[in-house]
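Respectively, the protein sequence lines represent chains A and B.
Here the numbering used here is used: position 22 in the first sequence is 22, and no number is missing along the way.
Here the numbering used here is used: position 70 in the second sequence is 70, and no number is missing along the way.
For glycine and all other residues, C-beta sits at the position ideal for the given N, C-alpha and C.
Single-structure report; data block below.
2 protein chains.
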Amino acid sequence: MKKQRIILDQDDVLADTYLKIAQIVVRDFGTGLPLEAFYNKPFTDILPVTDRERITKLIHEPGFFADIPLKVDSQRVVKALSEKYDIFIGTAAMEFPNSFREKYDWLQTHFGFIHWRNIVFCGDKSIFKADYLIDDMPRNFIDFEGQPLLFDAPHNQSDTQYQRVNNWEEIAKILL
Amino acid sequence: MKKQRIILDQDDVLADTYLKIAQIVVRDFGTGLPLEAFYNKPFTDILPVTDRERITKLIHEPGFFADIPLKVDSQRVVKALSEKYDIFIGTAAMEFPNSFREKYDWLQTHFGFIHWRNIVFCGDKSIFKADYLIDDMPRNFIDFEGQPLLFDAPHNQSDTQYQRVNNWEEIAKILL
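This is how it looks when you write it as structure tokens:
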């Protein structure tokens, strides 16, 4: 029987991109805010527009995507999922042309067991056909015909439309 | 009404990648063969294994994808198609990690009217959902649920399974 297919987003699903940004803000932006201030709220709720522009600049800089920390349990659970499912990575890399090679190398380093044939750099994710899509952006589910799983993130707290997963352990319980 | 979606391959559909390789072989490989020898036959039928290995090396070199010539009429017809259809570019760039930026810049240069959201770098194209896929590789049609159009190329002459299009003018006649 053909395996069911799961598409995994990279940033804020496999990689803790939000955490890396928050750590840089706390360290370098002189806001006086502790890291905890960023745990449940998006940058848009906390920071003035000048700081948010500084973040936009930051994530477009060469090197930004090279050393993002892993989401807790992501390696272990994705490895287990890959035994049972056909796993694809689908990431909106087109917004960051400087990041292509960094994002690819990051995946090779941390998820080397996923073949390059199963990595997709895209923009609009409505082009995908799969059984599951795990993503932190509700907009990516609008035209998706499979089962969406919304990976909890500070910037998607207001969404109530899609099934939320809080961490990789929860994904393991649902899919394994 | 929602526009129908077309996915266009990049190499040997928008870009004349085969021609660039053939020109380099004629110029640098000392085979004594004229360019015409490559018009209707794949490299595998014409060249010994050492020359084919040299080609593999060549296409992995930085710079190779930066200046591929355009397929005749591709710009004009894709522009016209983009008025009527939702156009995506889907290219197997993952095989060539050195080529990401070159392939992206080439598309910006020659098809700048296609938004980055509609560009996809992938490996396995069975992940795509669309109404049409125009590609030179029959293997990419196996799991495709829309209408395949096989763009004629020396390396797909033996295929009789899929509807063949010989050039962009023929695509215009079918889709416009």
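List the residues of chain A that Lys-104/B touches, going by C-beta distances under 8 Å, in chain order.
-> Note on residue identity: the sequence assigns Tyr, not Lys, to residue 104/B. Those within 8 Å of Tyr-104/B in chain A are Met-94, Pro-97, Phe-100.
Go to Thr-109/A, then tell me how far its alpha helix (DSSP H) extends in each direction, as first and last residue.
-> If you look at Thr-109/A, you'll find it in the alpha helix (DSSP H) that goes 100–110.
Could you spell out the range, first to last residue, of the beta strand (DSSP E) harbouring Phe-144/A?
-> Annotation: Phe-144/A is outside any beta strand (DSSP E) and is labelled neither H nor E by DSSP.
Identify whether Val-13/B lies in helix, strand or coil by the three-state DSSP scheme.
-> Coil, per DSSP.
Asn-118/A touches chain B at which residues, Cβ-Cβ below 7 Å?
-> The contacting residues are Gly-123, Asp-124.
Taking only beta-carbon atoms, is Phe-64/B less than 8 Å away from chain A?
-> Chain A contact via Cβ: absent.
With a cut-off of 8 Å, does the C-beta of Ala-172/A fall near any C-beta of chain B?
-> Not a single C-beta of chain B is nearer than 8 Å to the C-beta of Ala-172/A.
Taking only runs of the alpha helix (DSSP H) that begin and end inside the stretch 37–76 of chain B, which ones reach a length of at least 4 residues, in chain order?
-> You should have 43–46, 49–59.
Short CB-CB distance (under 8 Å) between Ile-127/A and chain B | Output row for Ile-127/A: interface = yes.
Report the three-state DSSP secondary structure of Leu-150/B (helix, strand or coil).
-> In the structure shown, the three-state DSSP call for Leu-150/B is strand.
Sufficient close CB pairs (3 or more, under 8 Å) joining the stretch 68–79 of chain B to the stretch 163–176 of chain A | A contact between stretches requires three or more CB pairs, one per stretch, nearer than 8 Å, and the stretch 68–79 of chain B fails this requirement with the stretch 163–176 of chain A.
List the residues that DSSP assigns as beta-bridge partners of Asp-135/A.
-> Residue pairing by DSSP places Asp-135/A opposite Leu-150/A in a beta bridge.
Can you tell which of Met-1/B, Lys-2/B, Gln-10/B has its C-alpha closest to the C-alpha of His-110/B?
-> Checking every option, the nearest Cα to that of His-110/B belongs to Gln-10/B.
Give, in chain order, every residue of the stretch 77–91 of chain B whose Cβ lies closer than 7 Å to some Cβ of chain A.
-> Listed in sequence order: Phe-88.
For Asp-143/B, which residues from the same chain have a beta carbon less than 6 Å from its beta carbon, with the 5 sequence-adjacent residues on both sides left out?
-> Around Asp-143/B: Ser-126.
Apart from the five residues just before and just after Ala-194/B, which ones in its own chain have a Cβ nearer than 7 Å to its Cβ?
-> Residue 194/B lies beyond the residue range present for chain B, which begins at 1 and ends at 176; the question has no answer from this structure.
Based on the DSSP output, what are the partners of Asp-86/A in its beta bridges?
-> Per DSSP, the beta bridge partners of Asp-86/A are Arg-5/A.
If the cut is a Cβ gap below 8 Å, which residues of chain B does Ala-130/A touch?
-> For the C-beta of Ala-130/A, the chain B residues within less than 8 Å are, from N- to C-terminus, Ile-127.
Are there 16 or more other CB atoms within 10 angstroms of the CB of Asn-40/B, so buried, or fewer, so exposed?
-> Asn-40/B comes out exposed.
Put Ile-174/A into one of helix, strand or coil per three-state DSSP.
-> In the structure shown, Ile-174/A sits in a helix (DSSP, three-state: H, G or I).
Among Gly-32/B, Leu-150/B, Asn-118/B, Asp-51/B, the one whose alpha carbon lies nearest that of Ser-82/B | Nearest neighbour of Ser-82/B by Cα position, chosen from Gly-32/B, Leu-150/B, Asn-118/B, Asp-51/B, turns out to be Asn-118/B.
Apart from the five residues just before and just after Asn-167/B, which ones in its own chain have a Cβ nearer than 7 Å to its Cβ?
-> So the qualifying residues of the chain are Val-72, Asp-73.
Report the rounded CA-to-CA distance for Gln-108/A versus Ile-114/A, giving the unit in angstroms.
-> Answer to the nearest angstrom: the Cα atoms are 8 Å apart.
Where Asp-127/B sits in the DSSP three-state scheme = Before going on, a small fix: residue 127/B reads as Ile here, not Asp. In the displayed model, Ile-127/B falls within a helix according to three-state DSSP.
Which partner residues does Arg-164/B have in the DSSP bridge list?
-> Partner residues in the beta bridge of Arg-164/B, as assigned by DSSP, are Leu-150/B.
What residue range is occupied by the uninterrupted beta strand (DSSP E) comprising Phe-121/A?
-> It spans 119–121 - the beta strand (DSSP E) in which Phe-121/A sits, taken as one unbroken run.
How about Lys-173/B and Tyr-85/B: are their beta carbons less than 8 Å apart?
-> No, they are not a contact pair.
Own chain partners of His-60/B with C-beta closer than 7 Å, once the 5 adjacent residues on each side are dropped = Exclusion of the five residues before and after His-60/B leaves Phe-96, Asn-98 as the residues of its chain whose Cβ lies within less than 7 Å of its Cβ.
Taking all protein chains shown into account, do 16 or more other C-beta atoms lie within 10 angstroms of the C-beta of Leu-149/B, making it buried, or fewer, making it exposed?
-> Under a 10 Å Cβ-count criterion, Leu-149/B is classified as buried, with 16 or more other Cβ atoms of the shown protein chains found around its own Cβ.
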